[in-house]
Amino acid sequence: MKKWIALLLALVLALGLMACASSDGSKDTTGNETTTGEETTGGEEAASGEVTKIALLLPYTGDQSYFDVTARGLDLLEEKYGDAVECNLIEMGTDAAGWETANRQAAAAGYDIIISGNFEYEGAMLTVADDYPEVKFLNFDYSDAALNSKPNVYALTYAAHEGAYLAGVVAAVKSQSGVIGVVGGMELDGIKQFMVGYMQGALDTNPDIQILTGFVGNFADTGVAKELASNMIAQGADVVYHAAGGAGNGVFEAVSENEGVWAIGVDTDQYVSLSGKPELAETILTSDLKNCDQAVLAGVTAIMDGTAPFGTQVVLTLKDKGVGLAENEYYLANMTEDELAVVEAAKEKIISGEIVVDDQLQDNTLFDSYIAKLN
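Under mature numbering (1 follows the signal peptide of the UniProt record, and there is no 0), read the sequence shown as residues -21 to -1, 1 to 354, first letter to last.
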């Protein structure tokens, strides 16, 4: 867009000169699991001293989980770049019919970098990316690698199963009843990826543990999530983990009404994000972190300094600190030294490769296999 404006100005002034920098790129690979495409050089705006316009498109914020931690990526960019960037959050709404329009309007408005993605709405972003090759797109949480192999798209995702494995270890070492639970949002492989990792971590820690599972059916209905967690607690579960986005707050509500029961949050440090509601925050022993804010910072930084390998996808792992556990003071105060040692040992084994965590996204039969094993 900026090049188009510069060209128009040049024509109006009849200077007859135009400078245009381009790169035919080269193919590159990066990260732990990549699909290689054509590389496009970024960083022109940063190099010129002009303000780089950045838009982040999300359906909504305020879930105190996945979308909120992603939105914090803009804060990190502003802290790093100051007046060199103009960052705007665009809330697209929950109606999928409007997602492509929102991406198209952002591209037409002259944003240099558009951050969007996620399995629910990456298709809208990728359709628009084809029509605006001069705009650089960052998919902060891609689903389909092949679809993201475009010359102006750089895509990231997370080894969510690895963080969930550690959540399962925590649940198993903390449970006194030998029964734990997990509440998922929708019955999608991306959610089952969390649940499989959690089940594997718990079973590796205590082969006799019982694990109760349930799905909300969406990522917003706290009432259903609360009912599911309450039923699990009634069956003896004394630790309940959720991978249900904003609906997961219902899990915390259920746990808060039952003495001696812990919850484990997801995506962000929910003990911190819910600090304004201490009756809920104090139920959260730890959270399984999906560090989307750091990914947004790293991804945009790579685009601005010209090192982003466009056309490729990167999986951020526990080793990369793309996922992990919230090890805040509350967690440390409520875990014994022996319990912490078990969790730390599991973490080191994942990083070293001694433990390979099962991944539902690589084998979509795993969730059903674990359910059959538990029954």
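Positions of the beta carbon are idealized from the N, C-alpha and C atoms, including for glycine.
Do you know how far the Cα of residue j is from the Cα of residue i?
i, j, result
"residue 346", "residue 61", "45 Å"
"residue 234", "residue 212", "8 Å"
"residue 257", "residue 328", "34 Å"
"residue 88", "residue 152", "52 Å"
"residue 352", "residue 74", "38 Å"
"residue 51", "residue 318", "31 Å"
"residue 112", "residue 56", "23 Å"
"residue 115", "residue 245", "29 Å"
"residue 5", "residue 289", "In this prediction, residue 5 has a pLDDT of 32, which is less than 50 and means its spatial position is unreliable; what the coordinates show is noted afterwards. Spanning the two alpha carbons is a distance of roughly 10 Å."
"residue 78", "residue 54", "23 Å"
"residue 160", "residue 109", "43 Å"
"residue 148", "residue 323", "10 Å"
"residue 98", "residue 187", "35 Å"
"residue 349", "residue 85", "43 Å"
"residue 316", "residue 154", "15 Å"
"residue 63", "residue 314", "44 Å"
"residue 170", "residue 197", "11 Å"
"residue 326", "residue 300", "11 Å"
"residue 157", "residue 40", "36 Å"
"residue 210", "residue 166", "19 Å"
"residue 189", "residue 59", "46 Å"
Give a yes or no on whether the C-beta atoms belonging to residue i and residue j are separated by under 8 Å.
i, j, result
"residue 31", "residue 92", "yes"
"residue 243", "residue 150", "yes"
"residue 175", "residue 337", "yes"
"residue 305", "residue 248", "yes"
"residue 127", "residue 118", "yes"
"residue 182", "residue 214", "no"
"residue 276", "residue 43", "no"
"residue 144", "residue 180", "yes"
"residue 321", "residue 184", "yes"
"residue 65", "residue 94", "no"
"residue 311", "residue 172", "no"
"residue 177", "residue 216", "no"
To the nearest whole angstrom, what separates the beta carbons of residue i and residue j, a pair I think is in contact under 8 Å?
i, j, result
"residue 201", "residue 232", "7 Å"
"residue 282", "residue 133", "6 Å"
"residue 302", "residue 354", "Not really, about 28 Å apart at Cβ, beyond 8 Å."
"residue 142", "residue 268", "6 Å"
"residue 139", "residue 296", "Rounded, the Cβ-Cβ distance is 10 Å, inconsistent with contact."
"residue 251", "residue 307", "7 Å"
Residues in the same chain with beta-carbon distance under 6 Å from residue i, minus the five sequence neighbours each way, listed in chain order, please.
i, result
"residue 195", "164, 203, 204, 223, 226"
"residue 391", "For the chain, the structure presents residues -21 to 354; residue 391 sits outside this window and is missing."
"residue 368", "Coverage of the chain is limited to positions -21 through 354, which leaves residue 368 absent and any answer about it impossible."
"residue 38", "71, 73"
"residue 45", "224, 246"
Please name the residue or residues paired with residue i in a DSSP beta bridge.
i, result
"residue 221", "162"
"residue 66", "33"
"residue 132", "116"
"residue 241", "218"
"residue 193", "162"
"residue 72", "In the DSSP output, where bridge partners are listed per residue, residue 72 has none listed."
"residue 269", "302"
"residue 92", "33, 115"
"residue 292", "134"
"residue 282", "None; residue 282 has no bridge partner."
"residue 246", "268"
"residue 263", "242"
Short of 8 Å in beta carbon distance, which residues of its chain neighbour residue i, apart from the five on each side in sequence? Order them along the chain.
i, result
"residue 259", "228, 231, 232, 235, 253"
"residue 332", "none"
"residue 278", "94, 117, 119, 133, 135, 287"
"residue 16", "The predicted position of residue 16 is uncertain, since its pLDDT is 35 and thus under 50; a value taken from the coordinates is nonetheless stated next. Closer than 8 Å at Cβ, skipping near neighbours: 6, 128, 129, 130, 289, 290, 291."
Skipping 5 residues on each side, what residues in its chain have a beta carbon closer than 7 Å to that of residue i?
i, result
"residue 330", "297, 298"
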